[in-house]
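The opening position of the sequence shown corresponds to residue 758 in the working numbering, with each subsequent residue numbered one higher.
We treat Cβ as the ideally placed atom computed from N, Cα and C, and that holds for glycine.
A quick write-up on the structure given underneath.
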Amino acid sequence: MFFLFLAIFLAAVAGMVFSIRAGAIPLLFVSLFVLLAAVFCAAGLFLVNPNEGKVLQLFGEYVGTAREPGLRWANPLYMKRKVSMRTRNFETAKLKVNDHSGNPIEIASVVVWRIVDTAEALFNVDDAVNFVHVQSEAALRNLASHYAYVPEHEGELALSSHTSEVSGKLRGEIQERLAQAGVEVLTDPARIAESRPR
Numbered sequence: 758m759f760f761l762f763l764a765i766f767l768a769a770v771a772g773m774v775f776s777i778r779a780g781a782i783p784l785l786f787v788s789l790f791v792l793l794a795a796v797f798c799a800a801g802l803f804l805v806n807p808n809e810g811k812v813l814q815l816f817g818e819y820v821g822t823a824r825e826p827g828l829r830w831a832n833p834l835y836m837k838r839k840v841s842m843r844t845r846n847f848e849t850a851k852l853k854v855n856d857h858s859g860n861p862i863e864i865a866s867v868v869v870w871r872i873v874d875t876a877e878a879l880f881n882v883d884d885a886v887n888f889v890h891v892q893s894e895a896a897l898r899n900l901a902s903h904y905a906y907v908p909e910h911e912g913e914l915a916l917s918s919h920t921s922e923v924s925g926k927l928r929g930e931i932q933e934r935l936a937q938a939g940v941e942v943l944t945d946p947a948r949i950a951e952s953r954p955r
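The following block contains the structure:
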């Protein structure tokens, strides 16, 4: 597409030079029109990097998302907004909460996530990154209040002894909260990093 616009641009410039030398005023206007049209259309070229999406809008209305890496073309009137789809991680602060038994504990978690739906990430929440941080900490607080730090009964899930099961529940709760923002919590890494009595 780039080379097509370049060829049209060069042909229009050559036509203008020829028409000026030959004194052909109608050809000059045609060449000028073609040149302006080529410049306008070339304004629709944009670059999409790997793990990136460009959300396309026309006068505030969502038109689509370009996800395929490389040089792309869209209507020059489209507004193009970059959204990173790279994998990111977030480590919560050490939260001081009470476990299910009422014992005060400190708990932290590492959440590995990425944006999978650029339109939802851009339009459903104000700031997707901040939304991930707030909802991850809220889910961790909620999870800690549903389990005891040490099991009180045989076979009971506990924060200290059943980390993989509790981590799975944490991942599920975080994913449920973040689904509206077009965010995916990656399977394994949503885990409890620290959980101890204080």
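Could you please give me the residues that DSSP links to residue i through a beta bridge?
| i | result |
| --- | --- |
| residue 803 | 829 |
| residue 818 | 815 |
| residue 772 | Beta-bridge pairing links residue 772 to no other residue. |
| residue 810 | 840 |
| residue 871 | 941 |
| residue 823 | 811 |
Can you name, in chain order, every residue of its own chain whose Cβ lies under 7 Å from the Cβ of residue i, other than the five neighbours on each side?
| i | result |
| --- | --- |
| residue 898 | 852 and 854 |
| residue 849 | 865, 866, 893, 894 and 897 |
| residue 918 | 908 |
| residue 827 | 805 |
| residue 931 | 868, 892, 893, 896, 942 and 947 |
Take residue i and list the residues in its own chain whose beta-carbon comes closer than 8 Å to its own, dropping the five residues that flank it on each side.
| i | result |
| --- | --- |
| residue 846 | 867, 868, 869, 870 and 946 |
| residue 884 | none |
| residue 777 | 785 |
Could you say which of the options lies nearest to residue i if we only look at CA atoms?
| i | options | result |
| --- | --- | --- |
| residue 761 | 784, 775 and 791 | 791 |
| residue 859 | 904, 810 and 775 | 904 |
| residue 786 | 798, 770 and 863 | 770 |
| residue 840 | 862, 813 and 831 | 813 |
| residue 938 | 789, 779 and 889 | 889 |
| residue 873 | 784, 764, 809 and 796 | 809 |
| residue 795 | 877, 833, 838 and 819 | 833 |
| residue 862 | 821, 912, 902 and 779 | 902 |
| residue 910 | 933, 921, 900 and 857 | 857 |
| residue 881 | 936, 906 and 925 | 936 |
| residue 807 | 844, 817 and 933 | 844 |
Hey, would you say the C-beta of residue i is under 6 Å away from at least one heavy atom of the ligand MN?
| i | result |
| --- | --- |
| residue 864 | Annotation note on the ligand MN: not contained in the displayed structure, which lists no ligands. |
Is residue i buried or exposed, if buried means 16 or more other CB atoms sit within 10 Å of its CB?
| i | result |
| --- | --- |
| residue 717 | Because the chain spans 758 through 955 in this model, residue 717 falls outside it and cannot be assessed. |
| residue 842 | buried |
| residue 915 | buried |
| residue 942 | buried |
| residue 763 | exposed |
| residue 838 | exposed |
| residue 891 | exposed |
| residue 906 | buried |
| residue 878 | buried |
| residue 782 | exposed |
Spatial neighbours of residue i within its chain, please: C-beta separation below 6 Å, excluding the five flanking residues on both sides.
| i | result |
| --- | --- |
| residue 829 | 803, 805 and 823 |
Beta strand (DSSP E) segments (min. 3 residues) lying fully within the region 875-947: 940-942
Please give the ranges of any beta strand (DSSP E) in the region 829-867, keeping only runs that are unbroken, at least 3 residues long and fully inside the region. 836-841, 845-848 and 852-855
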